[in-house]
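Per this note's numbering, the very first residue in the sequence shown carries number 177; after that it's consecutive.
We treat Cβ as the ideally placed atom computed from N, Cα and C, and that holds for glycine.
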Amino acid sequence: MHLMKSSLHFICTLGVFAVSAALAAAESQAKPEQNRISGEKKIVVEPSRETPISHEADVVVIGAAEGGIGGIMAAVAAARRGAKTILIEQGGCIDPALPIGLLVIGTGEAGGLPSMREGLYRDLVKYVISAGESDFQPMTLEQILERETMIVRRQDVVTTAMLQMMKDAGVQMLFHTRFVSAVMESGRLTGIIVESPQGRHAIRGKVFVDSTGLGDVAAAAGAPMHREEPDMGLQSILAKVDPAKYEQWAMDNKPPLEATYRQWLEGIVGPFEKLEHPWNQWWPEMLGDRYSPAMVRKMKEASDNGELTLIRRRGARAVMAIPEGLKLLDDYARPRTYITGIDPLNLDDLNWAEVNSRLALMEFQRFLKKYVPGFEQCVMERMDDSIALRGGRYIKVAHNITEREVSRGARHPDAIFLFRKKPARQTYEMPYRALLPDQVEGLLVVGKASAGGAYLRTTHCTIFQGQAAGTAAALAVKEGLTPRKVDIARLQAALKADGVEIPYPATAKPPAAESR
């Protein structure tokens with residue numbers, strides 16, 4: 177009996193061990209593989225994963241900040257034509273890199289193109305007027321259209337007007353959502369991977385619009401890209417300024433600068449003739465042109481006292497300064513940093529630019545307050561949320577747009593709007609193909625990452641790129657095509673119906689391309 181009990185106990189013990197081992201094995205298999213660091217290669221090895229699709233839409237627009245006004249207009253245009261549209265933005269609001277305190281909505285002078293009276297441009301002005309508080313005095317639509325500019329002092333009012341414009345069009349907005357990667361199927365973009373407070377997830381779409389400013393989506397999808405100098409800058413507004421007092425002081429102290437001032441400045445920045453563009457222009461213009469002679473004398477005094485840093489450097493190429501003058505308007509000034517030689521795709525470079533721009537602008541404000549009449553009470557009212565880029569990276573196409581082509585004017589059979597920066601220049605017909613990246617289907621690119629790069633970065637130009645892209649995206653979805661296959665005559669007819677002034681009647685065949 178004792179032997180039998182011992183045997184049963186032994187068998188039960190074996191059973192417990194077996195079950196425990198099985199459970200341990202099952203638990204081990206159930207645990208997901210963890211990220212691990214490979215010390216030798218200095219990399220983190222990530223396991224394969226399955227990413228849930230959280231949203232689906234006809235048209236997905238990426239970007240409403242840097243380069244984002246084109247994305248906003250693309251989303252509005254697509255949604256108004258019946259496409260289910262989602263716009264994603266990594267920030268918590270719309271902030272489409274509008275230069276704060278500048279003539280940002282308008283061509284800046286009569287005769288520029290596209291006109292404020294066209295398409296979504298006119299609608300945007302209406303929304304800004306209805307929001308109010310964007311300018312110093314209320315203005316009617318016709319007054320603004322006559323002046324062809326709207327001075328934006330309170331940018332948040334304008335961006336909220338854009339928010340209302342998208343909401344009214346039926347655009348679904350996903351803020352706090354950062355683009356991470358592209359999902360490709362047989363050369364076509366069919367989805368994007370994003371990260372948000374709810375984790376990592378995917379958004380599927382039929383057509384996508386890249387409005388990231390640096391062509392992040394196009395690059396991730398494998399489109400060939402160009403690189404260019406980004407010409408960065410951080411903008412600010414100094415309030416409680418007395419421009420009349422400053423201008424009187426400058427007038428009372430206007431004798432030209434002595435030659436010693438050039439020697440002084442070259443001793444800090446280097447011989448002008450040996451500097452790279454644009455500094456070979458900026459530094460000479462500071463001496464009595466961008467800044468008054470009286471101001472330059474005070475800048476030298478503060479520099480000699482160690483209270484004003486004229487130039488900041490990073491490495492062999494990066495240069496930062498505040499060379500463009502005070503930009504006085506009404507009761508405020510709008511100084512900004514200007515930065516060259518920074519790689520916008522390098523995190524350390526970007527952080528240097530962001531941090532040092534803010535430090536430089538605050539130092540400049542303290543200098544003005546102490547040394548310059550009219551600025552005794554000035555305060556830093558606002559700095560922009562981030563560095564603005566004039567360029568950096570843009571898509572390659574079979575025929576990229578050049579500055580020469582734009583300034584001399586050229587005709588294109590696939591024109592989507594007319595562009596003329598100044599009345600004296602020739603009219604350029606913006607081609608639709610400039611929005612279509614090579615080697616990637618299902619994607620349109622707007623803003624300074626389109627094939628024109630920095631040449632077509634202006635606000636009013638980007639608005640119409642966005643309208644054309646959103647319209648084309650909606651047509652592509654409706655007809656079951658990729659944007660590259662959309663019939664240009666149908667697109668032109670749709671744009672004309674929505675108020676865009678292009679020269680080709682919807683029923684006529686556009687002329688063959690020719691350069692003027």
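Residue i classed as buried or exposed, judged by whether at least 16 other C-beta atoms fall within 10 angstroms
i      : result
LEU544 : buried
VAL676 : buried
VAL555 : exposed
PRO659 : buried
ASN527 : exposed
HIS575 : exposed
PRO314 : exposed
ASP392 : buried
ILE518 : buried
VAL621 : buried
GLN205 : Model confidence at GLN205 stands at a pLDDT of 49, short of 50, so the residue's coordinates are unreliable; what they give is reported in the following sentence. Exposed: under 16 other Cβ atoms inside 10 Å.
VAL417 : buried
VAL220 : exposed
GLY482 : exposed
GLN340 : exposed
GLU324 : buried
LEU537 : buried
LYS624 : buried
LYS174 : The chain is shown only over 177 to 692; residue 174 falls outside these bounds and no answer can be derived.
ILE678 : buried
ALA492 : exposed
VAL169 : The requested residue 169 does not occur in the structure, where the chain is confined to residues 177 to 692.
PRO223 : exposed
Distance between beta carbons of residue j and residue i, contact taken as under 8 angstroms
i      : j      : result
TYR706 : ALA478 : Nothing about residue 706 can be read from this structure; the chain reaches only from 177 to 692.
VAL356 : VAL370 : 6 angstroms
ALA345 : ARG256 : 5 angstroms
ILE305 : LEU410 : Their Cβ separation, rounded to whole angstroms, is 29 angstroms, which puts ILE305 and LEU410 out of contact at 8 angstroms.
PRO432 : GLY464 : 6 angstroms
THR353 : CYS269 : Not really, about 13 angstroms apart at Cβ, beyond 8 angstroms.
LEU484 : GLU404 : The pair is not a contact, with the Cβ atoms about 31 angstroms apart (cut-off 8 angstroms).
ILE248 : MET342 : 6 angstroms
Backbone CA spacing between residue i and residue j [nearest angstrom]
i      : j      : result
ALA591 : GLU605 : 5 angstroms
HIS453 : MET496 : 13 angstroms
ILE138 : ALA649 : For residue 138 there is no data in the structure shown, the boundaries of the chain being 177 and 692.
ASP271 : ALA240 : 6 angstroms
LEU289 : ARG596 : 5 angstroms
GLN374 : ILE577 : 41 angstroms
VAL573 : SER626 : 9 angstroms
ALA509 : LEU619 : 41 angstroms
LEU365 : ALA250 : 18 angstroms
HIS402 : ALA494 : 20 angstroms
GLY593 : VAL445 : The question names Gly, but residue 593 is Phe in the sequence shown. For PHE593 and VAL445, the distance between alpha carbons rounds to 43 angstroms.
ASN429 : GLN602 : 42 angstroms
ILE413 : PRO511 : 7 angstroms
LEU317 : ASP506 : 22 angstroms
PHE351 : SER372 : 8 angstroms
GLU434 : GLY443 : 15 angstroms
GLY585 : PRO228 : 48 angstroms
PHE448 : LEU657 : 55 angstroms
Nearest to residue i (by Cα), restricted to the options the options
i      : options                           : result
SER693 : LEU321, ARG380 and TRP455         : The shown model of the chain, from 177 to 692, leaves out residue 693, and the question about it has no answer.
THR261 : SER224, GLN348 and ALA470         : GLN348
GLU617 : VAL383, ILE320 and THR513         : VAL383
LEU535 : LEU486, LEU611, ALA250 and MET338 : LEU486
ALA233 : VAL653, LEU451, ARG473 and GLY389 : VAL653
GLN643 : ALA586, GLY398 and ASP674         : ASP674
THR647 : VAL385, GLY267, LEU537 and LEU433 : VAL385
GLY367 : PHE540, GLU581 and VAL236         : VAL236
ALA395 : ASP614, PRO228 and THR513         : ASP614
TRP458 : ILE571, ALA645 and TYR514         : TYR514
PRO607 : PRO419, ALA378 and ARG587         : ARG587
TYR297 : LEU657, TYR680 and THR635         : THR635
TRP440 : MET427, VAL472 and ASP407         : VAL472
LEU321 : LYS218, GLY628 and MET292         : MET292
ALA307 : GLU216, ASP524, GLY550 and ARG330 : ARG330
PHE640 : LEU612, LEU671 and LYS218         : LEU671
Residue range of the alpha helix (DSSP H) that includes residue i
i      : result
VAL445 : 435-445
ALA251 : 244-256
MET475 : 469-480
SER306 : 295-307
LEU535 : 523-547
TYR422 : 419-428
PHE769 : With the chain represented from 177 up to 692, any question about residue 769 goes unanswered, as that position is not in the structure.
Enclosing beta strand (DSSP E) for residue i [first to last residue]
i      : result
ARG490 : 488-490
THR516 : 514-516
GLN348 : 348-350
VAL555 : 555-559
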